[in-house]
Amino acid sequence: MPSTGGTWTLGVRVTHPVTGAIGTYTSTISVTEPTESKMKSFTSAHNGEKYFVALIEPAKPKIGINDYELAVYKRTSMMSFPADSTLTVMHTPEMPTMGHGSPNNVMPAHVGKGHYKGKVNFTMSGFWRIHMDYMHGTEVADSTQYFDITF
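Be aware that the sequence shown starts at 676, since it is given in the numbering used here, and climbs by one per residue.
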């Protein structure tokens, strides 16, 4: 779940598939909050379910057409967040400081395991805001989220 930076404890438990032997590993890691969030969450206006969206690409944005990839997960319990393929995802890039958007964007389509891929066009460097719309069929699940990208 997204949160502020700090110290986290990461624990991994592994069970050998044949012998059943159990091993554990625990480590403390320092986490810093990114300047621009790569993780968003929303509660669907359509069905009341909680979704988490991770921005994967562009990892290194450039002027021109960029790969655009998101991963979408739905909370089914406090400890279960399976990949979700039920949404239609749309995005609209905007350069707020310049008052314009960009042409030739390709809406993300589900490609498997909750991953949605498309294209986003940055016509110049600077601060961009990518407005997100998530739909269940013809009904809006959420239209309040955005990702900020500066390069």
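The C-beta atom is built at its ideal place from N, Cα and C for all residues, glycine as well.
Here the structure is a predicted model, which is why all the values come from computation and not from measurement.
In DSSP terms, what residue i is bridged to
i: V807; result: What sits at residue 807 in the sequence shown is Met, not Val. Note: M807 sits in a beta bridge opposite H766.
i: K792; result: E744, A784
i: T682; result: S705
i: T825; result: F802
Straight-line Cα distance separating residue j from residue i
i: S755; j: E708; result: 24 angstroms
i: Y726; j: H766; result: 17 angstroms
i: T710; j: G695; result: 43 angstroms
i: T761; j: H811; result: 7 angstroms
i: D759; j: G686; result: 25 angstroms
Assumed close pair residue i, residue j - CB separation to whole angstroms, cut-off 8 angstroms
i: G723; j: Y748; result: Actually they are not in contact, since the Cβ atoms of G723 and Y748 sit about 16 angstroms apart, beyond 8 angstroms.
i: T763; j: P757; result: Wrong, their Cβ atoms sit about 18 angstroms apart, outside the cutoff.
i: M721; j: A816; result: One detail in the question is off: residue 721 reads as His in this sequence, not Met. About 5 angstroms; that satisfies the 8 angstroms criterion.
i: K794; j: I740; result: 5 angstroms
Notebook entry, point to check: Where are the beta strand (DSSP E) runs, 3 residues long or more, that stay fully inside the stretch 711 to 768, in chain order?
Noted result: 714 to 718, 725 to 732, 739 to 749
Next item on the list: Pair every Cβ in the stretch 799 to 819 with every Cβ in the stretch 767 to 780, then say whether three or more of these pairs are closer than 8 angstroms.
Entry: yes
Margin query: Counting beta carbon pairs with one atom in the stretch 811 to 823 and one in the stretch 712 to 721, are three or more of them shorter than 8 angstroms?
Written below: yes
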